[in-house]
DNA sequence: GTCTATAACGAGATAGAC
DNA sequence: GTCTATCTCGTTATAGAC
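Residue numbers (our numbering), protein chains in the order written: chain A, 829 to 1058; chain Z, 829 to 1058.
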């Protein structure tokens, strides 16, 4: 019986993957707003009702795609960091940044799904919160090791922002100085801002050397979180 | 005859505006991907073919909405700058930044239309290029007056980025030092990055005091383009 | 000339009976 | 799981009102 169940489970995993693959292809062609279970089923030669055995609703399929995308970019960031583990923190920071951009360029539609405009009528469940923070956590980890024991050389926060920075630190960057936490959040928004501008066309007719500008910015941000060049 | 033509033209303008208003309402409800000429016509009590007297295609209606959105945010930025005309450049810079964010919060769907994920199957025509640059031009103008005749105190660009910065300067910021042009582009991406993260939900469960963080960043960016605090 | 309405096309989605 | 009848869509051709 266990082999039968094993086979069944394997089949289920394969079909689930096939559904998500097809849905991703549709995402690229039509956008998330038009993702329809029926079209996915048709493309797979299934009947739409059969899909509901794998995903109880269109929104749950969307959630699965979003979680996969977050996991994919998170894994890319973690891989880049691991490959640079022997390097100084600044190099690891830069490696993560470049990995983030590379992933986005390689998966533009999945990037749009998670960092672009929200899908109308869809509201993300809590399942996405964990995977969504993997890239950020990788950046935090690098900065944390750099600060271990050492002091920091960041300009002080304005008083008005300090409580918020303290709260954020307690929430997801415990042990770091609040100035660094705030700088991290800002850096993270800037990274995505650069990539979004590049991917969403805002750099068309404006910036040609996007890779060069991005690398430049990544270095500035490293500086901003306390990882100076030398 | 001129009154007749006047009346006709007035009617035409009114109908055109009504179509765009209804389309904007649909944009908010369903997203740009699902914008449909027929639904707009139905809602207005017209027949779909009648819309073609006003917009030759669905894509041209989308283009009109995009141009309107760019003009709306551009006008908001210019208004903010004009209202702060007597203030020092840094205050004018901050006013533009705040106006940008305020506009985005007040018009989230139009913001998503122009700064969010591209609409699948739609490619923006050249008509959008001019309006798209109004906010940026306003920022450039403020920095330009600040630099008139005076020197600058920005860190030098890496050699690898200098040619690109020189090219960008010639293209849309003539007369500014290339370091400033590069910093302007980066600042612009960061502004939109902050607003996008706020509007698109990336700050959920992360940043509470979004206004405070944004103002803080706007100040840092002013510094970055050479408009220091005192 | 300017507009609206009717009708139609080909393509695709959808709901429900079977 | 299948089939069909009935929607929607963008777009065009055409005819007639103003």
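For glycine and all other residues, C-beta sits at the position ideal for the given N, C-alpha and C.
These numbers come from a predicted model, not from an experiment.
{"Query": "At the level of alpha carbons, what is the spacing between residue 839 (chain Z) and residue 872 (chain Z)?", "Result": "14 Å"}
{"Query": "According to the neighbour-count rule (16 or more other Cβ atoms, all chains shown, within 10 Å of its Cβ), is residue 893 (chain A) buried or exposed?", "Result": "buried"}
{"Query": "Could you tell me the distance, in whole angstroms, from the CA atom of residue 932 (chain Z) to the CA atom of residue 835 (chain A)?", "Result": "52 Å"}
{"Query": "Below 9 Å on C-beta distance, what does residue 858 (chain Z) contact in chain A?", "Result": "861, 948, 949"}
{"Query": "Any beta carbon from chain Z within less than 8 Å of residue 1057 (chain A)'s own beta carbon?", "Result": "no"}
{"Query": "Pop quiz: residue 971 (chain A) and residue 1004 (chain A) are said to be a contact at Cβ under 8 Å. What is the actual Cβ separation, rounded to whole angstroms?", "Result": "7 Å"}
{"Query": "Where residue 961 (chain A) and residue 874 (chain A) are concerned, what is the direct C-alpha to C-alpha distance, given to the nearest angstrom?", "Result": "35 Å"}
{"Query": "What residues in the region 880-901 of chain A have a beta carbon less than 7 Å from any beta carbon of chain Z?", "Result": "none"}
{"Query": "Can you confirm whether the region 940-955 of chain A touches the region 1026-1035 of chain Z when touching is taken to mean that 3 or more C-beta pairs between the two stretches lie within less than 8 Å?", "Result": "yes"}
{"Query": "Counting only beta-carbon separations shorter than 8 Å, does residue 986 (chain A) have a partner in chain Z?", "Result": "yes"}
{"Query": "Say whether chain Z places a C-beta atom closer than 8 Å to the C-beta of residue 989 (chain A).", "Result": "yes"}
{"Query": "Take the Cβ of residue 1006 (chain A) as the centre, count every other Cβ of all protein chains shown within 10 Å, and call the residue buried at 16 or more, exposed below.", "Result": "buried"}
{"Query": "With residue 902 (chain A) and residue 963 (chain A) assumed to form a contact (beta carbons below 8 Å), what rounded beta-carbon distance in angstroms separates them?", "Result": "5 Å"}
{"Query": "Between residue 844 (chain A) and chain Z, is the shortest Cβ-Cβ distance under 8 Å, so that the two count as touching?", "Result": "no"}
{"Query": "Any C-beta of chain Z sitting closer than 8 Å to the C-beta of residue 996 (chain A)?", "Result": "yes"}
{"Query": "Closer than 8 Å between beta carbons: that is the criterion. Which residues of the region 1034-1046 of chain A meet it against chain Z?", "Result": "1034, 1035, 1036, 1037, 1040, 1041, 1044, 1045"}
{"Query": "Can you name the residues of chain A whose CB is closer than 9 Å to the CB of residue 943 (chain Z)?", "Result": "945, 1024, 1025, 1028, 1030"}
{"Query": "How about residue 992 (chain A): is its C-beta nearer than 8 Å to some C-beta of chain Z?", "Result": "yes"}
{"Query": "List the residues of chain Z that residue 957 (chain A) touches, going by C-beta distances under 9 Å, in chain order.", "Result": "1032, 1033"}
{"Query": "Let me confirm a value: residue 938 (chain A) is counted as buried when at least 16 other C-beta atoms fall within 10 Å, else exposed. Which label applies?", "Result": "buried"}
{"Query": "Can you name the residues of chain Z whose CB is closer than 7 Å to the CB of residue 940 (chain A)?", "Result": "945"}
{"Query": "Report the rounded CA-to-CA distance for residue 832 (chain Z) versus residue 841 (chain Z), giving the unit in angstroms.", "Result": "Here the model assigns residue 832 (chain Z) a pLDDT of 49, short of 50, so the residue's position is not dependable and the matter cannot be decided."}
{"Query": "Could you give the residue range of the alpha helix (DSSP H) that holds residue 1046 (chain Z)?", "Result": "1038-1052"}
{"Query": "Are there 16 or more other CB atoms within 10 angstroms of the CB of residue 992 (chain Z), so buried, or fewer, so exposed?", "Result": "buried"}
{"Query": "Show which residues of chain A have a CB atom less than 8 Å away from the CB atom of residue 1020 (chain Z).", "Result": "1021, 1024, 1025, 1030"}
{"Query": "Can you tell me whether DSSP reads residue 840 (chain Z) as helix, strand or coil?", "Result": "helix"}
{"Query": "Straight-line CA distance for residue 855 (chain Z) to residue 916 (chain A)?", "Result": "48 Å"}
{"Query": "Compare the C-beta of residue 1014 (chain A) against all C-beta atoms of chain Z and say whether one is closer than 8 Å.", "Result": "yes"}
{"Query": "Mapping the DSSP letters down to three states, classify residue 887 (chain A) as helix, strand or coil.", "Result": "helix"}
{"Query": "Quick check on residue 1052 (chain Z): buried or exposed, where buried means 16 or more other Cβ atoms within 10 Å of its Cβ?", "Result": "buried"}
{"Query": "Which class does residue 950 (chain A) belong to by DSSP, given the choice of helix, strand or coil?", "Result": "coil"}
{"Query": "To the nearest angstrom, how far is it from the Cα of residue 989 (chain A) to the Cα of residue 878 (chain A)?", "Result": "52 Å"}
{"Query": "Alpha carbon to alpha carbon, how far is residue 966 (chain Z) from residue 1020 (chain Z)?", "Result": "15 Å"}
{"Query": "Can you tell me whether DSSP reads residue 958 (chain Z) as helix, strand or coil?", "Result": "helix"}
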